[in-house]
Each structure stands twice: as structure tokens, then as C-alpha cells.
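If you read the sequence shown in my numbering, its first letter stands for residue 13, the second for the next number, and so on. A short write-up of the structure that comes next.
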Amino acid sequence: MQKCIFYLSVCIEAILASGCIAFHDPQTTLLQEAQHIVIVYEKPDNCKMLGEVDGFKKNTWGGLDLKQIKDSAKNDMKNNASAMGADTIFVVSEDKLTSSNEVISGKKNTNDSIFGSRTREEIVKEIHIQGTAYKCKMDNNDFRHKE
Numbered sequence: 013m014q015k016c017i018f019y020l021s022v023c024i025e026a027i028l029a030s031g032c033i034a035f036h037d038p039q040t041t042l043l044q045e046a047q048h049i050v051i052v053y054e055k056p057d058n059c060k061m062l063g064e065v066d067g068f069k070k071n072t073w074g075g076l077d078l079k080q081i082k083d084s085a086k087n088d089m090k091n092n093a094s095a096m097g098a099d100t101i102f103v104v105s106e107d108k109l110t111s112s113n114e115v116i117s118g119k120k121n122t123n124d125s126i127f128g129s130r131t132r133e134e135i136v137k138e139i140h141i142q143g144t145a146y147k148c149k150m151d152n153n154d155f156r157h158k159e
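The following block contains the structure:
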């Protein structure tokens, strides 16, 4: 009987502790073979177009900030372009899906009404970046914006 109670209490504690765990989306890792790829915002000259490429990151649990989501989408795009043999990506569009929450901070007065401030908070849910993959001969004097 004591064994049964012990195992039951361990199970209950595990269930309660799992409610305290914060879920988060891992960032997309940049593959080693994609590290040489540059992202540009002007169409490159004297390059061979390889095709369309995109990068996507979903922030399901809301645990990533805007920079982390954007970096993950760019890493995804570079990884995809690497499989095509690209060394340059020209970004064509960048879309983000957001949701907003109303945050109310204040105190309750004697009439049970809340006084204080209301703010809207924008949460980025996902980012989708579309681009064109190129194979370019890039020299050290290239002045284009690189990332």
C-alpha cells in the first residue's frame, strides 16, 4: 500500500511539475555548408540564377523574439539555398504573421472596476522570407549589403 501511495505521489508531482515547464521553439541552426551564403537586397549582377528559395520560421509557443525568428528564417533560407549550390540570395519579400494581445495593468477600486493602463502587445507568430538563389563570383571589392 505504501508503495502504491509513493508511486501515485511521484506521478502527481511529475504532472504538476510539467505544468511549470515553459515550451519554446528552437532556433533553426545554420548548417556549416550554408555559412558562406550572403543575403543581398539588390539584385546581383553577373550571376547565374539557380531558382526560387524560401525560409520559414513558426513561433508556435511564443518563446522567440523578433530577431531570433528572423535569424531562424534566414538560416532556413540559407540551408535551402545551399542544397541548390548557391552562394548568394536576393531577398524578394518578407512576410510576418502577428497577433496582438491587450495587456491591462492597474488596480481594482472599491466598485470592482479596474483603473490603470491598457497597452497592445504584438507577438510575431511566423516569418516567411522569399528570395532568388544565385551562383556569383564575389570579389573583395563587392559593395553590396551582406548578412
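We put the CB at the ideal spot given by N, CA and C, even for glycine.
(request) Look up I49 in the DSSP assignment and say whether it is helix, strand or coil. (result) coil
(request) Going by CA-CA distance only, name the one from Q39, N71, T40, K82 that's closest to I141. (result) K82
(request) Report the rounded CA-to-CA distance for H157 versus T72, giving the unit in angstroms. (result) Confidence is the limiting factor: at H157 the pLDDT is only 47, short of 50, which leaves the residue's position unreliable and the question unanswerable from this model.
(message) Suppose you measure from the CA of N58 to the CA of I51; what does that come to, to the nearest Å?
(response) 16 Å
(message) Less than 9 Å between the C-beta atoms of I49 and A85, yes or no?
(response) no
(request) Verify whether the separation of the beta carbon atoms of F102 and K55 is less than 9 Å. (result) yes
(message) What does the Cβ neighbour count give for I135, buried or exposed, with the cut at 16 atoms within 10 Å?
(response) exposed
(request) Would you mind stating whether V104 and G74 have Cβ atoms separated by less than 9 Å? (result) no
(message) Going by DSSP in three states, K79 sits in which element: helix, strand or coil?
(response) helix
(message) Does T41 pass the burial test, meaning 16 or more other C-beta atoms within 10 Å, or should it be called exposed?
(response) exposed
(request) Taking all protein chains shown into account, decide if M89 is buried (16 or more other Cβ within 10 angstroms of its Cβ) or exposed. (result) buried
(message) Once the 5 residues before and after L43 are set aside, which same chain residues still bring their CB inside 7 Å of it?
(response) N91, S94
(message) If you reduce the DSSP assignment to three classes, tell me which class A95 lands in.
(response) helix
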